[in-house]
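Q: Right, I'll just put the structure down here and ask away after.
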């Protein structure tokens, strides 16, 4: 059974800071790795995903994957108050559509 | 674009009651999911379905049943509601598998309260 854990549980950063969120998974056969963002009272929405080891950058957001360490992360450059939300990582194995989400990191960016 | 609708938006039930939540999507997506989200926490997978009439159990399937009679709809039944159970149930769909294909689109949720 896939275990997906996130750290930290919550985080407060000042506007303009670099923010790093972490996700660890247990199934080494996992092939889909994604970050979702959920603003308060809203549905989760996909931010970005990665399928192979390495980095992927989209605007202020960078996802980094290290399959050997069973770890991937999300880095937010120049954090904005509008980035304040619950961040969820998601993982799925290659032979299944079973997507398992992490425990969540609540981010607050102070103006 | 498409949309996912969930009904009802709020559901209040009694302990032991059987309750049904409904989800409809017009993306024409193959795969649909039901997740439970306790207050401010992560999502826990209850059931998913990769095509019409298919059902796959998630990690939290005990106490729930699901049904996928049409490609566009996926329903979830709480077989016996537990007192003090409060959670938001989220429905999602995705086109299938592969790069950009695994992205899930979520509905607005059904908030359940059991008295």
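Residue numbers (the working numbering), protein chains in the order written: chain H, 1 to 111; chain Z, 1001 to 1115. The beta carbon of each residue, even a glycine, is placed where N, CA and C say it ideally should be.
What number of angstroms, rounded off, separates the C-alpha of residue 1010(Z) from the C-alpha of residue 44(H)?
A: The count along the second chain starts at 1 and reaches residue 1010(Z) at position 10. The count along the first chain starts at 1 and reaches residue 44(H) at position 44. Cα to Cα, residue 1010(Z) sits roughly 18 Å from residue 44(H).
Q: Compare the C-beta of residue 1090(Z) against all C-beta atoms of chain H and say whether one is closer than 8 Å.
A: Along the second chain, read from residue 1 onward, the residue named residue 1090(Z) stands at position 90. At least one chain H Cβ lies under 8 Å of residue 1090(Z).
Q: So what does DSSP say about residue 1065(Z), is it helix, strand or coil?
A: Position 65 of the second chain holds residue 1065(Z). The answer is strand: DSSP assigns residue 1065(Z) an E or B state.
Q: So residue 1102(Z) and residue 26(H) are supposed to be a Cβ contact under 8 Å. How far apart are they, rounded?
A: Taking the second chain and counting its residues from 1, the one referred to as residue 1102(Z) is at position 102. Taking the first chain and counting its residues from 1, the one referred to as residue 26(H) is at position 26. So it is not a contact: roughly 19 Å between Cβ atoms.
Q: If you drop the 5 nearest sequence neighbours on each side, which residues of the same chain put their C-beta closer than 8 Å to that of residue 1019(Z)?
A: Your numbering for residue 1019(Z) matches position 19 in the second chain. Correct list, in chain order: 1011, 1013, 1077, 1078, 1081, 1112.
Q: How far does the beta strand (DSSP E) with residue 1031(Z) in it extend, from its first residue to its last?
A: One-based indexing of the second chain puts residue 1031(Z) at position 31. It spans 1031-1037 - the beta strand (DSSP E) in which residue 1031(Z) sits, taken as one unbroken run.
Q: Using a Cβ-Cβ cut-off of less than 9 Å, list which residues of the segment 54-77 of chain H approach chain Z; keep chain order.
A: none
Q: Rounded to the nearest angstrom, how far is the Cβ of residue 1031(Z) from that of residue 1094(Z), given a contact under 8 Å?
A: For the purposes of this step, residue 1031(Z) is taken as the residue at position 31 of the second chain. For the purposes of this step, residue 1094(Z) is taken as the residue at position 94 of the second chain. At roughly 5 Å, the Cβ-Cβ gap stays under 8 Å, so residue 1031(Z) and residue 1094(Z) are in contact.
Q: Would a check of beta-carbon distances place residue 87(H) closer than 8 Å to chain Z?
A: Counted from its first residue, the first chain places residue 87(H) at position 87. By this cut-off, residue 87(H) is not an interface position.
Q: Check whether the segment 3-13 of chain H touches the segment 1049-1066 of chain Z, counting contact only when three or more Cβ pairs, one atom from each stretch, lie closer than 8 Å.
A: Under the Cβ criterion (8 Å, minimum of three pairs), the segment 3-13 of chain H does not count as touching the segment 1049-1066 of chain Z.
Q: Answer yes or no: do residue 4(H) and residue 72(H) have a C-beta to C-beta separation smaller than 8 Å?
A: Residue numbering aside, residue 4(H) sits at position 4 when the first chain is read from its first letter. Residue numbering aside, residue 72(H) sits at position 72 when the first chain is read from its first letter. For residue 4(H) and residue 72(H), no; Cβs fall outside 8 Å.
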